[in-house]
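Here's the structure we're looking at; comments come further down.
Number of protein chains: 2
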Amino acid sequence: MGTRNIKLTVSYDGINYSGWQDQPGKRTIQGLLQQAIGDLTGVFTKVNGASRTDAGVSALGQVANFVLDSRIPTENLLKAINHRLPRDIVVTEVSEAEPTFDASGSAGSKLYRYKIFTGRKRNVLQTRNCWHRPGKLDAAAMDAAAKMLVGKHDFKSFAAAADKRQTSVRTVMQCRITEEDKWIHIDIEADRFLYNMVRNIVGTLVEIGRGRWKPEKIKEILEAKNRTAAGPTAPPEGLCLMWIKY
Amino acid sequence: MGTRNIKLTVSYDGINYSGWQDQPGKRTIQGLLQQAIGDLTGVFTKVNGASRTDAGVSALGQVANFVLDSRIPTENLLKAINHRLPRDIVVTEVSEAEPTFDASGSAGSKLYRYKIFTGRKRNVLQTRNCWHRPGKLDAAAMDAAAKMLVGKHDFKSFAAAADKRQTSVRTVMQCRITEEDKWIHIDIEADRFLYNMVRNIVGTLVEIGRGRWKPEKIKEILEAKNRTAAGPTAPPEGLCLMWIKY
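For the record, the sequence lines run as chains A and B. Letter 184 of the first sequence, counting from 1, is numbered 196 in our numbering, and no numbers are missing. Letter 109 of the second sequence, counting from 1, is numbered 121 in our numbering, and no numbers are missing.
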């Protein structure tokens, strides 16, 4: 019996977790998935995720893969894993992948959505996964600024200072603002993301939305290539990984 | 300076709590409100709630009152209490009440909403506060049954066996089913509720929705005046106290 490469699509409410990545003594998504699969197969199984979402960040379409040495059909595998997971982590799809498929390395682009609730009174059941930031924001100005981020740029100003990757050049395919009632959604699709990139972009767009900066400020920030030029980091609970293209 | 009677409207996501009522060593809504107010005033303050919601049950419009010996304006009180509460408990209104106002005793009627998600795949961010029960339910049959509950009846068959109140006669003002996509909402308004009454009604309506019983079964269940005649108790996480009329 040969080993199989299994692809998982996973959704989770990140609020109660210390992020994706397994860490000793912490409740993490990767840790709980590995525990569930290990429980099922009897052997420790490393689960390779496409995106290392931070503590508090949610996902509807996180993707991961792992090597399995068992003939269990994918449909049964899905049920058996979900049975061993808490209610707020759900595997939504299980499929057979090519041996070369690598959830992280093979990813084409990802879309993150960031939700801001601008109303004063918060409905606790509808505003769990958002940044509650009371006060009107100028969505048109934010959208004008967002458009300037689309394309291939050096996003160093939007990367956490601790991000030491060789290059901070990334391609943003779309960056758009939608407003409905007291909600603002910021959708950002890119080939890869720098550490804290979405939350730093959101924090900056909010500075523009509240009138501190003009939309044109984005160009200046990109050119600065320095984290201090951009706005603050938006809180994690508003962020959600929507999907990953392969 | 005389004492004041303060009325609070409170909303909370009940999933992480052991219900409304203060209990030693448990995280409860009443306990956390009392702690927040005590913290603020320096004296232990009993908070009197209109409804003792169970563990896992949420509320958008729970009402409570407490006696306050301070001149702090209501608007500041709201902010100061919220500042001392976790993110998933929010005081939405604070007002001055008549000295005779009693959140529990003065209540006219209450409306509870119960949410069922009937789809197979669950979106973790939208299906936190619901009963995830995959499989089609006949909403028209459920609604026909629900109509038979409206009016003044002895609801003994729908009360937890442990409920030892003198009378189980209650008046249901409305009981209706609404269906949208894969969601079924059950709204029940009554003058007062017996212990587990909504969850037992929901459990029974689901038996009708899945075809085990005809809608007319409701009459038989009401006449039996025996808990064993009705359906099972629906899980707490689908239940939410929407509002209370005074």
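Virtual Cβ for every residue (Gly too), placed ideally from N, Cα, C. Computed from a predicted model, the values in this text were never measured in an experiment.
Neighbours of Y24 of chain B across chain A, judged by C-beta separation under 7 Å: V136. Under the three-state reduction of DSSP, E191 of chain A is assigned to strand. 8 Å or more divides the Cβ of K19 of chain A from the Cβ of A92 of chain A.
The beta carbon of R140 of chain B sits closer than 8 Å to some beta carbon of chain A. Of the candidates A:L137, A:K226, A:I84, A:K226 places its Cα closest to the Cα of A153 of chain A. Proximity to T240 of chain B across B:F205, B:E201, B:N28, B:A174 peaks at B:A174, based on C-alpha coordinates. In the structure shown, the three-state DSSP call for F129 of chain A is strand.
The closest CA to that of P98 of chain A, considering only A:S23, A:L251, A:I200, is found on A:S23. For T104 of chain A, at least one C-beta of chain B is nearer than 8 Å to its own C-beta. As computed with DSSP, V79 of chain A is found in a beta bridge with A:N17. Excluding residues up to 5 positions away in sequence, K127, F129, G250 lie with their Cβ nearer than 6 Å to the Cβ of C142 of chain A in the same chain. DSSP, read as helix, strand or coil, puts S121 of chain A in strand. Residues of chain B whose Cβ lies closer than 9 Å to the Cβ of L72 of chain A are, in chain order, N135, V136, L137. For E108 of chain A, the uninterrupted beta strand (DSSP E) segment begins and ends at 101-109.
Taking the Cβ atoms as the reference, T65 of chain A lies roughly 7 Å from Q74 of chain A, within the contact range of under 8 Å. By the rule that beta-carbons nearer than 8 Å mark a contact, C187 of chain A does not touch chain B. Taken in chain order, the members of the stretch 96-126 of chain A whose beta-carbon sits within less than 9 Å of a beta-carbon on chain B are R99, D100, I101, V102, T104, E105. Proximity of the stretch 98-113 of chain A to the stretch 50-60 of chain A falls short of the contact definition, fewer than three beta-carbon pairs being nearer than 8 Å. Between the alpha carbons of W195 of chain A and R134 of chain A lies a gap of roughly 11 Å. Ranking B:Y124, B:A76, B:K229, B:E201 by CA distance to the CA of G61 of chain B puts B:A76 first. A straight-line Cα-Cα distance of about 8 Å links E110 of chain A and R16 of chain A. Shown here, D114 of chain B sits in coil according to DSSP, grouped into three states, outside any helix or strand. Judged by pairs of C-beta atoms under 8 Å, the stretch 31-40 of chain B does not touch the stretch 148-163 of chain B, as fewer than three such pairs exist.
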